[in-house]
Amino acid sequence: MKLSVLKFALLLGVLAVSSLSFSQDFQGKAYYQSKTTMDMDDWGGREMSPDRKKQIMERMKSFLEKEYILTFTQAESIYKEEEKLEAPGGGRGFGGFGSSMTGGPKYKNVKTKEVIQDQEFFGKQFLIKDDLTNLEWKMGTETKKIGQYTCFKATATKEVDKLDWRSMRRRGRDNDKTDGKKDATKTNDSIKSGDEANGDPMSEIEVPKTIEVVAWYTPQIPVNQGPDDFWGLPGLILEVNADRTTILCTKIVLNPEDKETIEKPEKGDQVTQEEYNEIITKKMEEMREMYGGRGGRGGRGRN
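If you're matching positions, the sequence shown starts at 2 in our numbering and goes up one per residue.
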């Protein structure tokens, strides 16, 4: 009994010292690797040779695999891609829409519940500004080590943005073999609506309305920050598994000597996420009419 009391007292002491180290001027940097998997068979890859598949995936690698830095305090954070030179012709993946899908720096304030995304689309700058919404996390007791940190598991169901390329899939194909038929209809209608007869490529794409998210957070860094859209747990989120995307923390620096000023993105036309989606959808429709129209005339000519 005395030993248990002593251990409890020591634990309280450690927590007290930890809380002192996370003062008002505390700042940290977390480095993440993000990887999204893509099944080439879903996109006509079955007819490709293994060498051709490998070649395409190599070109897509810089688009599907990225590195980010999360600079955070108790209240604020900025999440941005780590700058690096890109190989010629690599990483564009979806042509002119590539820049709209990767995004610029993302600012979050967990006190004011504010999120601002710096975004460029076809050469125009936008500020996507919305209220920060929290997921309804279910706390688990399962733990694992990520680096030197003990992490706890939490799960949630997340609504998917209808233009989130990371969860786009060919209609009628679902990786979940058991629930695929049931869940295949639960998609964002605005993506799968389209004139298939006119050759609209987006008519073959669907996005699930919700996905299951697994997060691993560490109370050893008692801030409710995390990468990308994720936050709201009693500790820094070090790993996220969301549909086909995994985000993993590879390095943490607490109280760096050269602290960075976390600033809100300010340049660009301010829009909500819904308004921004409407802008992208309109542009997609314009391109469909331009390129699909040609295909339509060509098709009528052949008939």
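We put the beta carbon where it would ideally sit given N, CA and C, even for glycine.
**Request:** Would you kindly check if the distance between the Cβ of Leu164 and the Cβ of Asn278 is under 8 Å?
**Result:** As a working note, residue 278 is residue 277 in the sequence shown. As a working note, residue 164 is residue 163 in the sequence shown. Yes.
**Prompt:** Can you list, in chain order, the residues of its chain whose CB lies under 8 Å from that of Lys218, leaving out five sequence neighbours each side?
**Reply:** Counted from its first residue, the sequence shown places residue 218 at position 217. Here residue 218 is Tyr; the residue named in the question, Lys, does not match the sequence. Same-chain partners within the cutoff: Cys152, Phe153, Ala155, Gly227, Leu234, Pro235, Gly236, Leu237, Ile238, Leu239.
**Request:** Could you tell me which residues DSSP puts in a beta bridge with Lys163?
**Result:** Counted from its first residue, the sequence shown places residue 163 at position 162. Paired residues: none, contrary to the question.
**Prompt:** Using CA coordinates, which residue listed in Lys268, Thr158, Phe122, Gln149 is at the minimum distance from Ile280?
**Reply:** The residue labelled residue 280 in the question sits at position 279 within the sequence shown. Per the Cα distances, Phe122.
**Prompt:** So, Phe27 versus Asn225, is the Cβ gap smaller than 8 Å?
**Reply:** What you label residue 27 is simply residue 26 of the sequence shown in a count that begins at 1. What you label residue 225 is simply residue 224 of the sequence shown in a count that begins at 1. No.
**Prompt:** Can you name the start and end residues of the alpha helix (DSSP H) that Lys146 belongs to?
**Reply:** For this step, residue 146 is matched to residue 145 along the sequence shown. Premise fails: Lys146 lies in the beta strand (DSSP E), 139–147, not in any alpha helix (DSSP H).
**Asked** For Lys284, which three-state DSSP category applies?
**Response** Position 283 of the sequence shown, counting from 1, holds the residue named residue 284. The answer is helix: DSSP assigns Lys284 an H, G or I state.
**Asked** Quick one: Cα of Lys107 to Cα of Pro51, how far?
**Response** In the sequence shown, counting from the first residue as 1, residue 107 sits at position 106. In the sequence shown, counting from the first residue as 1, residue 51 sits at position 50. In a straight line, the C-alpha of Lys107 is about 37 Å away from that of Pro51.
**Message:** Please state the DSSP three-state secondary structure of Lys178.
**Reply:** Sequence index remark: in the sequence shown, residue 178 carries index 177 (1-based). Because Lys178 carries a pLDDT of 43, less than 50, the predicted location of this residue cannot be relied on, and the following value inherits that uncertainty. Of the three classes helix, strand and coil, the one that applies to Lys178 here is coil, per DSSP.
**Request:** Kindly indicate the opening and closing residues of the beta strand (DSSP E) around Asn110.
**Result:** Reading the sequence shown from its first residue, position 109 is the one you call residue 110. Start and end: 107–110.
**Request:** Identify which residue in Asp259, Met39, Gly104 has its Cα closest to the Cα of Glu83.
**Result:** Locating residue 83 in the sequence shown gives position 82, counting from the first residue. Checking every option, the nearest Cα to that of Glu83 belongs to Gly104.
**Prompt:** Is it buried or exposed for Asp244, if we count other Cβ within 10 angstroms and need 16 for buried?
**Reply:** Counting from 1 along the sequence shown, the entry for residue 244 is found at position 243. That one is buried.
**Message:** I need the DSSP call for Gln274, collapsed to helix, strand or coil.
**Reply:** Reading the sequence shown from its first residue, position 273 is the one you call residue 274. Helix.
**Message:** Tell me which residue opens and which closes the beta strand (DSSP E) that Lys125 is part of.
**Reply:** Here residue 125 refers to the residue found at position 124 when the sequence shown is read from its first residue. Counting along the chain, the beta strand (DSSP E) containing Lys125 begins and ends at 125–132.
**Message:** Quick check on Glu261: buried or exposed, where buried means 16 or more other Cβ atoms within 10 Å of its Cβ?
**Reply:** By one-based count along the sequence shown, residue 261 stands at place 260. Exposed.
**Asked** Quick one: what's Lys154 bridged to in DSSP?
**Response** Against the sequence shown, residue 154 aligns to sequence position 153. Its beta-bridge partners are Trp217.
**Request:** Let me know the secondary structure DSSP gives Phe27 once reduced to three states.
**Result:** For the purposes of this step, residue 27 is identified with residue 26 of the sequence shown, where counting begins at 1. Reduced to three states, the DSSP call for Phe27 is coil.
**Prompt:** Does the separation of the CB atoms of Ser78 and Ile263 fall below 8 Å?
**Reply:** Within the sequence shown, numbered from 1, the residue matching residue 78 stands at position 77. Within the sequence shown, numbered from 1, the residue matching residue 263 stands at position 262. Yes, the Cβ-Cβ distance between Ser78 and Ile263 is below 8 Å.
**Request:** Closer than 8 Å by C-beta to Met291: which residues in its own chain qualify, once you throw out the five before and the five after it? Chain order, please.
**Result:** Within the sequence shown, numbered from 1, the residue matching residue 291 stands at position 290. Nothing meets the Cβ criterion.
**Asked** How is Pro51 classed by DSSP in three states: helix, strand or coil?
**Response** Locating residue 51 in the sequence shown gives position 50, where the first residue counts as 1. Correct three-state label for Pro51: helix.
**Per DSSP, cross-strand counterpart(s) of Asp119** = Here residue 119 is taken as the residue at index 118 of the sequence shown, counted from 1. Beta-bridge pairing links Asp119 to Leu128.
**Item:** Selection from Lys130, Asn135, Asp162, Leu136 that minimises the alpha carbon distance to Glu267
**Value:** Within the sequence shown, the letter at position 266 stands for residue 267. Closest option to Glu267, Cα to Cα, is Lys130.
**Asked** Exposed or buried, Met39, counting other C-beta atoms within 10 Å across all chains shown (16 or more means buried)?
**Response** Here residue 39 is taken as the residue at index 38 of the sequence shown, counted from 1. So Met39 ends up on the buried side.
**Request:** Quick one: grab the DSSP three-state call for Phe231.
**Result:** Taking the first residue of the sequence shown as 1, we reach residue 231 at position 230. Here Phe231 sits in coil by DSSP.
**Asked** By Cβ distance, which residues of its chain are closer than 6 Å to Gln271, with the 5 residues on each side in sequence left out?
**Response** In the sequence shown, residue 271 corresponds to position 270, counting from 1. Cβ neighbours of Gln271 beyond the five flanking positions: Leu128, Lys130.
**Asked** Relative to the alpha-carbon of Glu66, which residue among Ala76, Thr37, Lys252 has its alpha-carbon at the smallest distance?
**Response** Residue numbering aside, residue 66 sits at position 65 when the sequence shown is read from its first letter. Among Ala76, Thr37, Lys252, the Cα nearest to that of Glu66 belongs to Thr37.
**Request:** Pull up the DSSP beta-bridge partners for Ile253, would you.
**Result:** To locate residue 253, count along the sequence shown from 1; it is residue 252. DSSP, once it has assigned bridges, lists Ala31 as partnering Ile253.
**Item:** Proximity winner among Gln149, Val111, Trp138, relative to Ala216 (alpha-carbon distances)
**Value:** Taking the first residue of the sequence shown as position 1, residue 216 is located at position 215. It is Trp138.
**Prompt:** How far does the beta strand (DSSP E) with Asn242 in it reach, from first residue to last?
**Reply:** Counted from its first residue, the sequence shown places residue 242 at position 241. Element bounds for Asn242: 237–243.
**Request:** Under 6 Å Cβ to Cβ from Gly29, same chain only, skipping five residues before and after it: list those, please.
**Result:** Translated into the one-based positions of the sequence shown, residue 29 becomes position 28. Closer than 6 Å at Cβ, skipping near neighbours: Phe73, Leu255.
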